[in-house]
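A.B. asks: Sharing a structure below in structure tokens format, with a few things to ask.
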Amino acid sequence: MGKLTMTRRTFAKLSAATAAAATVGAASYGTALAENKVSQAEASEIKRIRSCCRGCGKMECGVWVTVQNGRVIKTEGDQSSSQSSGNHCSKGQASLQACYHPQRIYHPLKRTNPKGEDPGWMRISWDEAMESIGKGFNEVIKKYGGQACFGMCGTSRQWVYGPYAFYKWLFDSPNSRVASSICKGPRRLMGWLSSVDGAPWFALRDGPRVYVQWGTSPENSNYDDSCRNIVDKMTEADVHICIDPRLSGSGKEADYWLNLEPGTDCALALCWQHIIIEHDLVDWEFVKRWTNSPILVVDDMEPTGGRYHTLSTNVQVMPDLTGEKLKTRLLKESDLKEGGSCRRFMAWNKNANDGQGGLVYWDTDETQWEGCHHTAPTREQMDVVYEGTSQEGYLPPLSYNELTDAGIDFDMTGSHQVTLADGSVHTVRPVWSYLVESVKDCTVDWCSKITKLDPKLIEDACLAWATRPEGQKYGNGGIHLNLSPDQEGACTQTVRAVLNLTYTTGNFDGPAGNRGLSRTPVDEQSTAAPGTNMPQAVKHVLSGLGALPPMYEGTVPKYEITNLPDQYDVYSNMVGADKYPVTALYNEWCDVTSMYEAILTGDPYPIRAGINEAGSFMNEGNANLAWDALQSLDMWVDLNMFHHPSTEMADIVLPVAHWLEINNIRVSQGASGGIGMTCRAVEPPADVKFDYDVNRLIFESFEKQGNPNGTWTNIKGDAPGAYDSDERMEDWFRAHNEIDGFGDRYPGCKWQHMQEYVDDFQEHGWFNAKVLEPNRWGTYRRFETGWMRMGKDACTASPWSKNEDGTPTDKNFGCPTPSGLVEIWSIMFETYCLDKANEFQPGKFDVMKEIMPNYEPCVSAPGGEWETEQSKQDYPIILTTGRRIPVYFHSEHRQLPWCRELWPVPRLELNPADAEKLGLKQGDWAWIEVEPHSDLGKQYCTKIRQCVDLYEGIAEGWANAEHAWWFPELPAPTHGFKLSNAECLWDPMAADKFISSTHMRGVRCKIYKATPENCPDGKVIPCATEDGTEIIHDSSDPRLKEWMPDYEIRKEA
């Protein structure tokens, strides 16, 4: 393949490719849109309710919901919603069809037939459902222990804290199978390991001077910013850089399009780091002052250490007693002398000893460099940026001058000798030198060979981003790192490499920079936690964090603190933790393949029961393996609005509410700072319940079986027995409002009751976290002010912001990392991703190679361990997947007629030149097949069919398949998920070697025409294996009419 040199001036050739591919699946307009009629009553009662759309699981888009005579007839964008710019996309507008869908689940259901067959669903009461669930799970727990149970979920929609936390507490299990392992989780985790949770989240609303769009087509759907926000800000930017193998709608407007080979993102990031260093575009003031780049490394020393604070640590207790137990090769005072502190890290000061040089320390407990006396800057010392707009904020000056005043000039590259406490002499050099060394060979020519990009395009784009105008005090904007790297089997090092770009160019927590998760005074997560009788250890940690409302603190038993176990010790029995130790430390997901193997084999222990909340087994790993494993469980419960392959293997199905039927607080998940609420527009029909209330009932079912973990109340213990979701939120507001004197603890929470919050929201619209939280969110560079070392939630608002006497603290600057600095050399990564993994499998990792990001393709990727010359010939096309589809959200909305009419079939994007070679034309069906390598892969990888869509926007030799396809029109139990679902292709053993994320982008495949001769029963168009029913593949299919909203069925149900 020749070098790709695409810039804005060479896009003319592709202009036709932006038109809709009308011949794919004959997606003409007709059936569903023509049937969209709303009857007009002579006398109407019309209400307009401000709310938050949950038509996808990503953006918190503000909407107005119009209700006529008790029916929702329209949803539209809310202009008060700055975080979504008043946009309301196709998915959101179509989601009201789900609310009134005739095939919606309205009652609890119980299986009557064996698994693997049509379930023969029988309607049952909630009492009967809960009795079956309580008995089923507790029988498993009594026989195998709590670790034999797990929770599962996909993207968060309304409320999914069951799988993330509550079910773990209920089951006493470390195991959860959650989609965050391949969607935002790798980015959040790498931020957590190096600076702050969710560090990649990007303040797009600020308006970057240079907008770098890395992956995805965020104008369609995205986690932190999407739709109109993207279009507006990319248009306003002086320069727009798009990094994506596939030309997206937003990408075609870019000044630079870097269409790199799928799966090679890490190589590009390392090359950009090389260019930045080579051209001296490093923000030295930040790098020297607030990263651990100057800290010295003793690479031939056995790691040493102690306990260190992290984001999950009880920070009001000395780290000698709590905190994570970590060991590192970074030089510490304790390495140099007996009785020295493990939390004083050493650097080399060239000015020490009259210019001879010597050691100087960073004190993690004091968060000060030796000889410095940093204090938080005052408002008067800060610049006001974006003045007069919704993004107005305060920019503190960088305190680099304090190093100069203290006589400190770090040696960032040289080697020195030190004598350790045991008398041994070692050569040391700074962290920065390791970063420089790791990218010294990552030249544009090296990168070009891997990514297939033109060397000049690589360099020009990097320089355009990293070169600041003269006099500009902050970077040109962070990097909008989107989903795609999370789904590469080298995601850990890719995300670390991209984060290092933001750290070294001064774009971390700066204007239009990468800031982490929005800090807000209210949050659905914070209102969730006080609603359960959580374990005493959890209560104790929350108490120490200052996270318990003062009215509850007297109810938490006080006991002596003596070396509390760290999080890894508590969750180290998680399946897969021996392969991926950091998953136990992070405690969010377990390795999906290890979990399925445990279900099928009982190794390392049996897993026999699970509950699924808003999730799909088709989002990671291999879907065929998942199908076999989940069907074999003794107890499987699914919470859902519709039948889906996951419900069809359940023992019990529970009906859940639509977003139009619930009250729930919503805040920006990313860095937009929006605060609002999903407000109930219509009452839930029939037996439908909100997920939170279902969780509460499941807890009660355990309590009735004598399991003490099932007690459900508020922390104080005086909540009513029902304690439904609205009562939960009212309880939270009463405990956290500033009116009752808690304003210092919970700044910005000005509402005494939930209804006051709702009324304020309805009248005035979305709230701005920058206004309500001027210190915690309205101020940039919070490492300078002491406001970065705190959690996301209102519960953990400000215990670090003041000393006990109320004076400003001078001991909590920097970041919530073990060192308190942005960690280019991550101590937690060193301990848990490398050294701990080597304990389980000696020699697995070369620590000194892996401690800095490096490029190594996943085993199943081109250039990976499994590739051979023969495989390159037999599987010549490189496949990617996971694109954003305007009318779908992953596996959702396939049964919504507006959506399915416009996009009836799964599309396989091919370059016309490749299609011609393969004898394929627009609208043909084609087989996609990969070569499995592992034993599990050979057992479970199967080929699939998708419909060819010719597209100049993907290069020759590459192809893009759509993911998560299933067909609700086909019968149970499979609903055709094996026919076209890309997740049937992936080898289960191809995953990121540090955190287990499935490799799905950049896999060799072969593509060939589907013909009557090579298709089951001679039918080219996919059909159900159960009875031969053909899928909907044309917008004129009359089955679409059967899915049109039925406004009467809610009454009948």
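Numbering (mature numbering (1 follows the signal peptide of the UniProt record, and there is no 0)), first residue to last: -34 to -1, 1 to 1019.
Glycine included, every Cβ here is placed at the ideal spot set by N, Cα and C.
These figures come from a predicted structure and were not determined experimentally.
(1) Measuring alpha carbon to alpha carbon, tell me which residue in T644, W256, V205 is nearest D426.
(2) For A114, does the three-state DSSP call read helix, strand or coil?
(3) Note down, in chain order, each residue of its chain lying with its Cβ closer than 6 Å to the Cβ of K904, except the 5 sequence neighbours on either side.
(4) For the putative contact between E739 and R485, defined by C-beta atoms under 8 Å, what is the C-beta separation to the nearest angstrom?
(5) What's the gap between the Cα of N442 and the Cα of I790?
(6) In chain order, what residues of the same chain have a beta carbon less than 7 Å from the beta carbon of N661, not counting five sequence neighbours either side?
(7) Express the C-alpha separation of V488 and K758 in angstroms, rounding to a whole number.
(8) In whole angstroms, give me the CA-to-CA distance for K777 and V464.
(9) Could you tell me how far apart the beta carbons of L591 and Y562 are, in whole angstroms, since I believe they sit closer than 8 Å?
(10) Buried or exposed: which applies to L(-2), given that a residue is buried once 16 or more other Cβ atoms fall within 10 Å of its Cβ?
(11) Helix, strand or coil for A1019? Go by DSSP, reduced to three states.
(12) Out of S667, G476, R700, which one is the CA nearest neighbour of L361?
(13) Tell me where the alpha helix (DSSP H) around R255 begins and ends.
(14) Going by alpha carbons, who is nearest to G479 out of S1002, F733, A637, A564?
(15) In chain order, which alpha helix (DSSP H) runs of at least 4 residues are fully inside the region 539 to 613?
(16) What three-state label does DSSP hand S1002 in the structure shown?
(17) Three or more C-beta pairs under 8 Å: does that hold for the region 142 to 156 against the region 961 to 973?
(18) Taking A235 as part of the beta strand (DSSP E), name the residues at either end of that continuous run.
(19) Secondary structure at E858, three-state DSSP: helix, strand or coil?
(20) Exposed or buried, which one is A564 when buried takes at least 16 other CB atoms within 10 Å?
(21) Curious, which full-length alpha helix (DSSP H) runs of at least 4 residues does the region 150 to 190 contain?
(22) Tell me which same chain residues have a C-beta within less than 6 Å of the C-beta of R747, skipping the five on either side of it?
(23) Can you grab the Cα-Cα spacing for the pair R1016 / P651, in whole Å?
(24) Quick one: residues in its chain with C-beta nearer than 7 Å to the C-beta of E1014, no 5 flanking neighbours on either side, listed in chain order?
(25) Just verifying my parser: in three-state terms, what is the DSSP assignment at W1009?
(26) Are the beta-carbon atoms of V724 and M643 separated by less than 8 Å?
(27) Using 8 Å as the cut-off, can you tell me whether the region 927 to 942 makes contact with the region 792 to 799, which would need three or more C-beta pairs spanning the two stretches below that distance?
(28) Within the same chain, show all residues whose beta-carbon is closer than 6 Å to that of N317, passing over the 5 residues directly before and after it, in chain order.
(29) Relative to the C-alpha of S1002, which candidate in L236, W864, L951 has its C-alpha closest?
(30) In whole angstroms, what separates the C-alpha of Y546 from that of A957?
(31) Measure the CB-CB distance between K972 and D801 and report whether it falls below 8 Å.
(32) Could you give the DSSP three-state label for L369: helix, strand or coil?
(33) Buried or exposed: where does T783 fall if 16 or more other Cβ atoms within 10 Å of its Cβ makes it buried?
(34) According to DSSP, is C824 helix, strand or coil?
(35) How close, in whole Å, do the beta carbons of C913 and A575 come, if the pair is a contact with beta carbons under 8 Å?
(36) How is I424 classed by DSSP in three states: helix, strand or coil?
C.D. replies: Let's see:
(1) V205
(2) helix
(3) P898
(4) 5 Å
(5) 21 Å
(6) G128, F132
(7) In this predicted model, K758 has a pLDDT of only 42, less than 50, meaning its place in the structure is not dependable; the value taken from the coordinates is given anyway. Roughly 10 Å between the two C-alpha positions.
(8) 30 Å
(9) 5 Å
(10) Residue confidence is low: L(-2) scores 49 on pLDDT, short of 50, so the model does not pin down where it sits. Its coordinate-derived value is still stated next. Classification for L(-2): exposed.
(11) coil
(12) G476
(13) 250 to 256
(14) A637
(15) 547 to 552, 558 to 567, 589 to 597
(16) coil
(17) yes
(18) A235 -> not in any beta strand (DSSP E); alpha helix (DSSP H) instead, spanning 231 to 244.
(19) strand
(20) buried
(21) 151 to 160
(22) P362, D475
(23) 6 Å
(24) none
(25) helix
(26) yes
(27) no
(28) G373, D375
(29) W864
(30) 11 Å
(31) no
(32) helix
(33) buried
(34) coil
(35) In fact, because the Cβ distance is near 39 Å, the residues do not count as touching under 8 Å.
(36) helix
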